[in-house]
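**Student:** Just dropping this structure here.
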Amino acid sequence: MKVGLVDDHSYDLEKLRISLEREDDIDILFSTSSAEEAYNEIKKNEIDLLITDIEMPKLSGYELADFINAYALDIQVIFVTGHSGFAVHAFELNVLDYIMKPYSKERLLKGIQRFHQKKQSTDTRDKLILKQKTEMQVLNKQDIIFAERTGRSTTIITINGEFSTYQSLNEIEKELTASHFLRSHRAFIINISYIQNFSLYTKHSYSVMFQSTEKTALITKTNLDILQKEYF
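Numbering (the working numbering), first residue to last: 1409 to 1640.
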């Protein structure tokens, strides 16, 4: 895995480098305190993962992530920051992880592990076989935005459309075991990679808005707290 590091604080940058340089599967292509230098390196599209601070002079980590997102570069982003207030906005840029300073090496490597899991999810074997009355539909799991149980059927919302099955949500959940899928509500399983934002729905639940669809799902307050703890 080819990694780029950027943090305008020399101590934090050194901590990142030391934490990762001895990992067998990690090759640090650049380590810089200049976001402008990182921007020039990103344009080469030679790294797999960018680990960056958010608040930096002249060019922020958000702007680096936005550039990657806008030009659909095949680069994942992990934010490492001392500010928790940016977490919700990170969803909009589809970042891999949001790590608060100070952090342990184990917490950082947990974020790295999510990179591997996301890569594995794009493997051709990562399919969901959706059973229907007269046929079986094959879906790419990474294309699934959320699943909803309504009445006696389950609807799968994907970036390519909607598909229905008689299979229960519990059966579908057993197939969607990757870390980016969450049973957010008794009637919903969501793919956190597509989350755009949340809005209060009831006293104990929130409505979830996604990228690539106008349809919404629900998440309980308890599960939202778990999501923020585990991923942000």
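Note that the Cβ used here is the ideal one computed from N, Cα and C, for glycine as well.
Treat the numbers as computed from the prediction; the structure is a model and nothing was measured.
Please specify which runs of the beta strand (DSSP E), each continuous and at least 3 residues long, are wholly inside the stretch 1472-1511, giving them in chain order.
**Tutor:** 1484-1489, 1505-1508
**Student:** Would you report the Cα separation of Phe1571 and Glu1543, rounded to the nearest angstrom?
**Tutor:** 12 Å
**Student:** Between the beta-carbon of Asp1416 and the beta-carbon of Asp1482, is there less than 9 Å?
**Tutor:** no
**Student:** For the stretch 1608-1624 and the stretch 1540-1554, state whether three or more C-beta atom pairs, one from each stretch, are separated by less than 8 Å.
**Tutor:** yes
**Student:** Report the option in Asn1477, Phe1475, Glu1500, Ile1520 whose CA atom is closest to the CA atom of Ile1486.
**Tutor:** Ile1520
**Student:** Which residues in the same chain have their Cβ closer than 8 Å to the Cβ of His1497, if we skip the five residues on either side of it in sequence?
**Tutor:** Tyr1470
**Student:** So what does Arg1454 bridge to, in DSSP terms?
**Tutor:** Checking the displayed sequence, the identity of residue 1454 turns out to be Glu instead of Arg. DSSP lists no partner for Glu1454.
**Student:** Could you tell me which residues DSSP pairs with Phe1589 in its beta bridges?
**Tutor:** Asn1599
**Student:** Three-state secondary structure (DSSP) at Glu1570?
**Tutor:** strand
**Student:** Can you look up Glu1556 in the DSSP assignment and give me helix, strand or coil?
**Tutor:** strand
**Student:** Per DSSP, what kind of secondary structure is Leu1424 in: helix, strand or coil?
**Tutor:** helix
**Student:** Tell me whether Ser1427 is buried or exposed, calling it buried when 16 or more other Cβ atoms sit within 10 Å of its Cβ.
**Tutor:** The residue is buried, with at least 16 neighbouring Cβ atoms inside 10 Å.
**Student:** Using the Cβ count rule (16 or more neighbours within 10 Å means buried), how would you classify Leu1517?
**Tutor:** Looking at its Cβ environment, which holds fewer than 16 other Cβ atoms inside 10 Å, Leu1517 is exposed.
**Student:** Near Ser1576, what residues of its chain come up, given a Cβ to Cβ distance below 6 Å and the 5 sequence neighbours on each side ignored?
**Tutor:** none
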